[in-house]
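To start, the structure under review is shown below, and the notes come after it.
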Amino acid sequence: MSAASPYTIRLAIPAIATYQHLRVAAGLSAKTMEAAARGLPNSLFAVQVLLGDEVVGMGRVIGDGGCFFQVADIAVLPAHQGKGLGKRIMREIMQFIETEVPPSAYVSLIADGQAQELYAQFGFQHTAPASVGMALKR
Numbered sequence: 003m004s005a006a007s008p009y010t011i012r013l014a015i016p017a018i019a020t021y022q023h024l025r026v027a028a029g030l031s032a033k034t035m036e037a038a039a040r041g042l043p044n045s046l047f048a049v050q051v052l053l054g055d056e057v058v059g060m061g062r063v064i065g066d067g068g069c070f071f072q073v074a075d076i077a078v079l080p081a082h083q084g085k086g087l088g089k090r091i092m093r094e095i096m097q098f099i100e101t102e103v104p105p106s107a108y109v110s111l112i113a114d115g116q117a118q119e120l121y122a123q124f125g126f127q128h129t130a131p132a133s134v135g136m137a138l139k140r
């Protein structure tokens with residue numbers, strides 16, 4: 003981040019407890035310990051934003067590493083929202099996409115609420131009506 007910013011970036015998968023806390027605190031759905039323990043090690047890329055030693059934001063890229071990639075788990079603690087941290091997370095993710103993702107790959111995400119405005123700044127577009135997102139929640 004900038005020299006004046008108190009925030010730092012760590013390119014690493016968050017600890018399970020940190021991941022669970024950030025998701026719930028940022029208004030995302032809760033994930034069980036089992037789900038997080040299985041899923042996190044399979045991340046293709048992960049970024050964390052820290053204030054001192056505290057992780058206050060995160061984002062991940064998941065997928066098969068060749069054909070399909072999904073941006074997931076963009077979360078910033080409410081007390082730190084509105085400070086450009088979501089953009090910083092997305093810049094790190096876009097750097098990964100630009101350098102590591104093959105040209106024919108499909109990169110997708112699900113935008114909750116007003117988050118679509120953030121993602122649009124990075125070139126993500128609505129897929130409807132050609133295709134629509136669907137989900138099966140367990």
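Numbering (this note's numbering), first residue to last: 3 to 140. C-beta atoms are modelled at their ideal positions from N, C-alpha and C, and glycine is treated no differently. All values reported here derive from a predicted model rather than from experimental measurement.
Between the CA atoms of lysine 89 and glycine 65 - distance to the nearest angstrom: 22 angstroms
Closest by C-alpha distance to isoleucine 15, when choosing among Glu36, Ser110, Gly61, Tyr108: Gly61
Three-state class that DSSP yields for glutamine 118 in the structure shown: helix
CA-to-CA distance, valine 51 to leucine 79, given in whole angstroms: 10 angstroms
From Val109, Ser7, Ser133, residue whose alpha carbon lies closest to that of isoleucine 95: Val109
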